[in-house]
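Chains as they are written, first to last, in the working numbering: chain H, 1 to 234; chain Z, 1001 to 1300; chain C, 2001 to 2210.
Cβ atoms here follow ideal geometry from the backbone N, Cα and C, with glycine treated the same way.
Predicted model only: the values in this text are computed from it and were never measured.
Right, one structure below, let's go through it.
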Amino acid sequence: MSDQDNETTVPERAACREFERGLASYLEGGAEPSVLAHAKQCPYCAVILADLEQIRFVSHHLPQEEPPARLWANIRAHLEAEGIIREPVPAWRRWLPRPAFFPSSAPLGALAALALFAATLLVPGRSMENRSRLNAGTAGGGMVAASVAPIGPDENLTRTLSEMEEAYRSRESSLEPTIKAAYQRSLASLDACIHECSRHCEMEPGNTLARQYLVRAYQTKAEVLASALEYGGR
Amino acid sequence: MDKSPKILHRMPDVRTISLPCLLLVITPAILLAVGPARLEKTFDTKPDPQISLTNLRGHIVIRGWERSQVHALCLTASPRVEVEGSAMPATGPAERVVFSTRVLDPLVRGNDESADCNLDVPAEASLEIRNRQGSVQVEHLQGQHASIDSADGRIVATDVAGHLTARSLGGDIEIVRSSGRVEANSITGNLTFTEPTSKNLRGNTNSGHILYTGNFESSGEYILSTYSGDIEVVVPPSASFELNAKTVKGKVENAFKLQPKRHAPSSLGYGNSLFGTHNTGNATVDLTSFSGHVRVRPSH
Amino acid sequence: MSADRTPANKAVSETQLIARAQQGDEAAFEALFNTHKRRVYSLCLRMTGDTAEAEDLAQEAFLQLFRKISTFRGESAFTTWLHRLVVNVVLMHLRKKGLQQVSLDEPDGSREEPVKRDYGEDDHRLLGSVARIRLARAIESLPHGYRSVFILHDVEGYEHNEIAQIMNCSIGNSKSQLHKARLKLRELLREEAKNLAPEESELSGLDPER
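Okay, structure coming up:
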């Protein structure tokens, strides 16, 4: 090897040629004991194998790119023009915050919950005029829909939230202890609020403040569960 | 300066272990043997750059400076954790610089995941910071927007002039001398606003307390809400505001002379509320706690 | 970070969302879009190497998806259906541009080039901890024929039989292209590493403090 330059082509060693012939199959999981055996003997082939292993390993973990925000707006415009969207989201619903707590993207369940939740903010039978007024009232981002909020959530919301909660409980043990504790404290705090405000709403149907807190606690709970579910084990 | 995206991860002593016999083992395992890593990198930036950082655990400090550069200095607890830094575009001054912590080995857990980062960024930069666990401290920024999220970390933002959004599930949030729009949200953490000159400020926590000290800007809007915590507002006697304070189970205590003044339960039909104007009532102040107390008093 | 997403719960939610999207519910469309946008866009971007093209193709793929969603009956997994659709949209686009997808070389046709090796250097490692961003960039430099197979297999996780079906080539051809792509990537990364300062290349791209 002493006559080799810094870079050269493969040395004409039979074992190296054999290694190369088995390499592709080995990387695909094929049983090629000679590949590994040779790599242990030959540092140059070991480098090739290590490189290709790295490339394969890292390729599975490439970062995903975020598309430009206008992409959804463009798609939505097409869907609307083509009549595919038949139940547009009312403008007021867009003001509801997206799942706010880290991380930003919510799983499907959470989005479903938020959408369902938003739908339950209105008492059935309320007119669109009321919805418009609601828009004006919540555009600033304060408490949501207090004046027209139902006393409690409807069945859809309760079911979706309990599905999310069940999903959260099933993976709670995989969360890191400190993160798990933070979620537990948050959920306990929100549950206390939901419990007490529900009671107040039943006892004092005119208690708009209790309704405001109740609505917001449900909304925040959906966000918190969404972010917990998104975490997974890490 | 080379602006191409790079992994900002330095691994001391790696030469000593890069023996051919180890080459069969994939990188994370190779790195098992070495200690913490330090990394440092500088990016040139265009005016008003966007800086984002996503970190799992650790302490983040971000300071605005006068240079058109982002300077990052990060310490990772384990060499199996890396901080990637990339600039966009890849050549020339960057419009956007993105830092992201990644754990290379799924076995890395707990404190080994942590990366402490200090970033010096152009003062006019916009920020997007996500730190799952650990504190975030932001200082001297005048960019359009600063957004800070944490699951369980304390957030301190000082002298931020743009639209500031701070969210933490369980961490306290402290905003000092903000001058742009502020939105601070926590669930169990406390919120502290000190000497803001913001005209639009919203703070919301479920079970934390809220403390506001400073003054209100003319025509400003201040909305503070907690479910079970107390709210305390301390402003100078010269403050000019219209107060709307409500609580269902707590008390409203006010040491200002308000005109006109109505005390609950007559106004709400439940709980306690207070509505009134101090001086010319230039700012609107809305304070709500469900079961905590609301106190408004003059500073001395 | 996203490895575990409780498939059972996800499936329930996704089924609900699909059902609502089939009724024309905008919120459901948006939720489906948000769930899949990053993977769809990233795939388009890697296959084309161009952000504008990737955006157009991602838009086209989602539009096709939503136009056809009323026909989705759940026989196959929704994600599989979507990604197959995206791949088809992208490949169709590349074909229209006249870019060869798979080399017509037969797998074991001509004698392949020997693998390049470096000798006489202190450190033989390619990149330290391989920089994903450098790898992503190198993938963009791959010839189109190799690139598609590599992305579908090593990045997206398709099996060779699926790739053969999608790309209308033989399984052997897919395997051969993949191996060539990996070797080519190695070459590209090696060349790049050589152009960096020696210490930098070892330290996975860190600009060393001096």
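In the structure shown, serine 162 of chain H adopts helical secondary structure according to DSSP, grouped into three states. Contact between the segment 1150-1162 of chain Z and the segment 165-182 of chain H is present, with at least three C-beta pairs closer than 8 angstroms. Along the segment 191-210 of chain H, going in chain order, the ones with a CB nearer than 9 angstroms to a CB of chain Z are Ala192, Cys193, Glu196, Cys197, His200, Glu204, Gly206, Asn207, Thr208, Leu209, Ala210. Residue pairing of phenylalanine 1241 of chain Z in beta bridges, as defined by DSSP: Z:His1278, Z:Ala1283.
Against aspartate 1152 of chain Z, the close residues of chain H are Thr178, Ile179, Ala182, in the order they occur along the chain (beta-carbon pairs closer than 7 angstroms).
Interface with chain H (8 angstroms Cβ-Cβ cutoff): arginine 2084 of chain C is excluded. From the listed residues Z:Arg1202, Z:Ser1052, Z:Ala1255, the smallest Cα separation to serine 1179 of chain Z is found for Z:Arg1202.
Excluding its 5 nearest sequence neighbours in each direction, arginine 2134 of chain C has no C-beta neighbour in its own chain below 6 angstroms. Straight-line spacing of the CA atoms in leucine 1141 of chain Z and proline 43 of chain H works out to 52 angstroms. Listed in chain order, the positions of the segment 2152-2182 of chain C with a beta carbon within less than 7 angstroms of a beta carbon of chain H are Asp2154, Val2155, Lys2175, His2179, Arg2182. An exposed status is given to proline 1237 of chain Z, since fewer than 16 other beta-carbon atoms sit within 10 Å of its beta-carbon. Inter-residue distance for leucine 2091 of chain C and valine 1136 of chain Z is about 45 angstroms (C-alpha atoms, whole angstroms). Glutamate 1174 of chain Z is a Cβ neighbour of valine 1156 of chain Z, given a cutoff of 8 angstroms. By the beta-carbon neighbour count (other beta carbons within 10 angstroms, threshold 16), arginine 199 of chain H is exposed.
Three or more beta-carbon pairs drawn from the segment 201-212 of chain H and the segment 1244-1261 of chain Z are found closer than 8 angstroms, and the two stretches are therefore classed as touching. In this structure, C:Gly2049 is the residue among C:Lys2068, C:Glu2026, C:Gly2049, C:Thr2015 with its C-alpha nearest to the C-alpha of alanine 2136 of chain C.
Within chain Z, the residues whose beta carbon sits less than 7 angstroms from that of serine 186 of chain H are Leu1169, Gly1170, Ile1187, Thr1188, listed in sequence order.
With a contact defined as Cβ atoms closer than 8 angstroms, arginine 1295 of chain Z and aspartate 1230 of chain Z qualify at about 7 angstroms. A contact is defined here as three or more CB-CB pairs under 8 angstroms, and the segment 1087-1101 of chain Z meets this definition with respect to the segment 1047-1054 of chain Z. Put simply, the segment 170-179 of chain H does not touch the segment 1191-1206 of chain Z. Fewer than three CB pairs are less than 8 angstroms apart. Among the bridge pairs identified by DSSP, asparagine 1131 of chain Z is matched with Z:Asn1055, Z:Ser1150. The C-beta distance from threonine 1284 of chain Z to serine 1225 of chain Z rounds to 14 angstroms, too long to fall under 8 angstroms, and the pair is not in contact.
For alanine 2077 of chain C, no CB of chain H lies under 8 angstroms from its own CB, so it is not counted at the interface with that chain. For tyrosine 1212 of chain Z, there is no enclosing alpha helix (DSSP H); the residue is found in the beta strand (DSSP E) stretching over 1210-1213. Within the same chain, Cβ atoms closer than 6 angstroms to the Cβ of threonine 1213 of chain Z are found at Thr1194, Val1234, the five residues on either side in sequence being excluded. By the beta-carbon neighbour count (other beta carbons within 10 angstroms, threshold 16), threonine 160 of chain H is buried. Straight-line spacing of the CA atoms in histidine 2093 of chain C and alanine 188 of chain H works out to 52 angstroms.
Going by C-alpha positions, alanine 2061 of chain C is about 53 angstroms away from leucine 1243 of chain Z. Beta-carbon to beta-carbon, leucine 27 of chain H and arginine 56 of chain H are separated by about 6 angstroms, close enough to satisfy the 8 angstroms threshold. Taking the beta carbon of phenylalanine 2072 of chain C as reference, no residue of chain H falls within 8 angstroms; the closest one sits roughly 13 angstroms away.
Under the Cβ distance rule, lysine 2068 of chain C does not count among the residues neighbouring chain H, no pair being separated by less than 8 angstroms. Restricting attention to Z:Met1088, Z:Thr1158, Z:Asn1131, the CA atom closest to the CA of arginine 1063 of chain Z is found in Z:Thr1158. Here the alpha carbon of glutamate 2055 of chain C sits roughly 8 angstroms from the alpha carbon of leucine 2045 of chain C. For lysine 2037 of chain C, the closest Cβ of chain H is nearer than 8 angstroms.
Less than 8 angstroms divides the Cβ of lysine 1199 of chain Z from the Cβ of glutamate 1221 of chain Z.
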